[in-house]
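Okay, so here's the structure we're looking at.
Number of protein chains: 2
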Amino acid sequence: MKTYLDCIPCFFKQALEAARTAGASTKTQKKILDELAKILPKISLTSSPPEIGRVIYALVSEITGKNDPYLKEKKRSNKLALGIYDKLARKIASAGDKLLFAVELAIAGNIIDYGVKNSLNVDAELVKILDKEEKIIKKESKTIFDYAGFKQVLRHAKNILYLADNAGEVVFDRILIEQIKSMDKDKQIVYAVKEKPVINDALRQDAVVCGIKKIARIVSSGSGAPGTVLSLCSKKFLSMYRKADMVISKGQGNFEALSNAKRSVFFLFMAKCPVIAKDVGCKVGDIILCYHGSKK
Amino acid sequence: MKTYLDCIPCFFKQALEAARTAGASTKTQKKILDELAKILPKISLTSSPPEIGRVIYALVSEITGKNDPYLKEKKRSNKLALGIYDKLARKIASAGDKLLFAVELAIAGNIIDYGVKNSLNVDAELVKILDKEEKIIKKESKTIFDYAGFKQVLRHAKNILYLADNAGEVVFDRILIEQIKSMDKDKQIVYAVKEKPVINDALRQDAVVCGIKKIARIVSSGSGAPGTVLSLCSKKFLSMYRKADMVISKGQGNFEALSNAKRSVFFLFMAKCPVIAKDVGCKVGDIILCYHGSKK
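Protein chains in written order, with the working numbering: chain A, 39 to 334; chain B, 39 to 334.
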């Protein structure tokens, strides 16, 4: 996805939030916004938002000297999600269509990220998710939801590359991966995290803490962009990306980075801003399961 | 009110909206944002938002060559509000506390401005206001509402300076001014509009079209800032400002410009953004009637 002009005010907002999370003084916060302003005229709108996001968060780290401002928040999210893992697993066990329920949960887990960025009461939201019956996501929010396509490609996929989104949310990914493995234990799943800290995106340690290690091989994309920007990924990762029978991409950042990808990718995410909702053709808050590219 | 760092992303958003309203191409829109980015490091946060707003809207006019991008919108707002004038007047006539109702209506009229900036269905909102009973504004939205103080100062004021906010809203101001005059026809009211086009702020022609001429003297503040920034106002206006027995200031822009004023001012506005809500100590959407400064 290209960057829209409406993303520009949001870049300043994100920089300010990151600066504050890094504990920067008001003076330093202003300095960060001023530096971003200097970069802005050089930014090409043909870059995807995560490419620009990478520059912004690197700027915040450089100026504040804080390598991982969201570390505390990520640990909190992991703990929170792990605390409800048993409940989630029981829900799956009693569900009619277990795979569908796991897919919906994996997308619902995206709410943690939304909470981090919008001061939402995530605990309360998660309780709501858990208290609901099997249909955790309202039908009207599923405007683009190609579950049939997802199931069909999944059935024949032996090697699956799963692109992680945020810390905490990893536990919800684990539920989906466990469900996939329970349907066919021979499926090989690679779980790709970011190479370097960027916002609350999952790193290797988050995947390990959230229990991914037992069910999938954890790899790094080789990049610290908040989305899988292929031009920034490692050769090793790119090889896996090309060879995988199926790519499952979680979150808005990965969608923004890969929506024009040449290979087929399944995107699972919640549309969190008006720009992406317009680009996709849905409403803010809708959950999306969509398939891009030609089937391999 | 000083400018907060949170205002900075919003400045870019406002510039983008104004550029689009002026019919600028995507390339020109980007140019405007780039130029704003160049100005940003020079902006002092001790300036009030309307001082910076003036620079932004002048930039948009300069680059697009459109002197009054919101002209059509202002005409539409005037027409819309004039179309319900009779209904508003009848509502006042049957109200218990006519002055209170007129004050509430004057603040409610601020919704027109909000609609212009947030693509709200203003017509529907106005119908809602009109369909409600006497209490048009919910009690819980009136967190800061010093009606007793307003009445007391008004009683003794012979010369009143009324600072206009936006086109359309002027009709609601007219209702309040008519009510004040009906209580004491000897009160002299001066209605101050902006000198030059800026966003949808009321100009002399808006005041004339909306029928202010019959009940008040229309003057210009001498400035094109979207708020009464005293350092930019004309000497003639400043003299009236200093001599007035009572100043009634409409809208958020005038509050931002005058909240630290040395003389007493009554502010009537709707808190339209989180920054101002935090500054004032209320919620977004609350209506405010507050008194600043020592009584004259």
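Using N, Cα and C, we set each Cβ at its ideal position, and we do this for glycine too. This structure is a prediction, so every number in the text was calculated from the model and none was measured.
Would B/L83 count as contacting chain A if we go by Cβ distances under 8 Å?
yes
Contact set between B/A60 and chain A, taken where Cβ atoms lie within less than 9 Å
Near B/A60 there are no residues of chain A at all, since even the closest Cβ is about 14 Å away, more than 9 Å.
Closest by C-alpha distance to B/L267, when choosing among B/S85, B/A60, B/S63, B/A62:
Note that residue 267 of chain B is Val in the sequence shown, not Leu. Comparing Cα-Cα distances from B/V267 to each of B/S85, B/A60, B/S63, B/A62, the minimum goes to B/S85.
With 16 other CB atoms within 10 Å as the buried threshold, where does B/T41 fall?
buried
Option nearest B/I150 by Cα separation, candidates B/S132, B/V208, B/S272, B/L241:
B/V208
Cβ neighbour criterion (16 or more within 10 Å) applied to B/V246:
exposed
Below 8 Å between beta carbons: does that hold for B/G319 and B/F307?
no
Are B/M31 and B/F304 closer than 8 Å when you measure CB to CB?
Residue 31 of chain B is absent from the structure shown; chain B starts at 39 and stops at 334.
Coarse secondary structure for B/A230, derived from DSSP in three states
strand
Quick one: give me the first and last residue of the beta strand (DSSP E) that A/C271 is part of.
Here A/C271 belongs to no beta strand (DSSP E), and DSSP marks it neither H nor E.
Using a 10 Å radius around the Cβ and a threshold of 16 neighbouring Cβ atoms, would you call B/V322 buried or exposed?
exposed
Opposing strand residues paired with A/D239 [DSSP bridges]
A/N204
Under a CB-based cut-off of 8 Å, is A/E172 close to chain B?
Unreliable positioning characterises A/E172 in this predicted model, as indicated by a pLDDT of 46, which lies under 50. The coordinate reading is nonetheless provided below. No, A/E172 lies away from the interface with chain B (no Cβ there is under 8 Å from its Cβ).
Mapping the DSSP letters down to three states, classify B/M39 as helix, strand or coil.
coil
Report all residues from its chain with a CB closer than 7 Å to the CB of B/C328; omit the five preceding and five following residues, and keep chain order.
I182, D184, F305
Rounded to whole angstroms, what's the CA-CA distance from A/I94 to A/L71? Just pull it up for me.
10 Å
Name, please, each residue of chain B whose Cβ falls closer than 9 Å to the Cβ of A/D44.
K51, L54
Let me make sure I understand the geometry here. Which of B/R92, B/I101, B/L120, B/S259 has the alpha-carbon closest to that of B/C248?
B/L120
For the segment 204-221 of chain A against the segment 51-61 of chain B, do three or more pairs of beta-carbon atoms, one drawn from each stretch, fall closer than 8 Å, so that the two count as touching?
no
Is DSSP giving A/K219 helix, strand or coil here?
helix
Which chain B residues are close to A/L71, counting only those with a beta carbon under 8 Å from its beta carbon?
L43, I46, L78
I want to see whether chain A comes within less than 8 Å of B/T1, judged by CB atoms only; does it?
This structure leaves residue 1 of chain B out entirely; chain B is present only between 39 and 334.
Test item: CB-CB of A/M39 and A/S302 under 8 Å:
no
With 8 Å set as the bound, which would you pick, yes or no: does the beta-carbon of B/I64 sit closer than that to a beta-carbon of chain A?
Contrary to the premise, residue 64 of chain B reads as Thr rather than Ile in this sequence. So, interface residue.
Nearest to B/A96 (by Cα), restricted to the options B/L276, B/I314, B/G262:
B/G262
Should A/T102 be labelled buried (16 or more other beta-carbon atoms within 10 Å of its own) or exposed?
buried
Neighbourhood of A/E171 by C-beta distance below 8 Å, restricted to the same chain and skipping five residues each side
With a pLDDT of only 49 at A/E171, under the threshold of 50, the placement of this residue in the model should not be trusted, and no figure is reported.
Indicate whether A/I213 and A/A127 have their beta-carbon atoms separated by less than 8 Å.
yes
Helix, strand or coil for B/I253? Go by DSSP, reduced to three states.
coil
First and last residue of the alpha helix (DSSP H) that includes B/L327?
Counting along the chain, B/L327 falls outside any alpha helix (DSSP H), though it belongs to the beta strand (DSSP E) covering 325-330.
Whose Cβ in chain A lies nearer than 7 Å to the Cβ of B/K316?
Under the 7 Å cutoff, chain A gives no residues; its nearest Cβ is about 13 Å from B/K316.
Neighbourhood of A/C45 by C-beta distance below 7 Å, restricted to the same chain and skipping five residues each side:
P87, V313
For chain B, is any of its Cβ atoms less than 8 Å away from the one on A/Q243?
no
Would you decide whether B/R255 is buried or exposed? Buried here means 16 or more other CB atoms lie within 10 Å of its CB.
exposed
Taking all protein chains shown into account, decide if A/Q190 is buried (16 or more other Cβ within 10 angstroms of its Cβ) or exposed.
exposed
Cβ neighbours of B/Q217 in the same chain (closer than 7 Å, five flanking residues each side left out):
I130, K136, L137, A140
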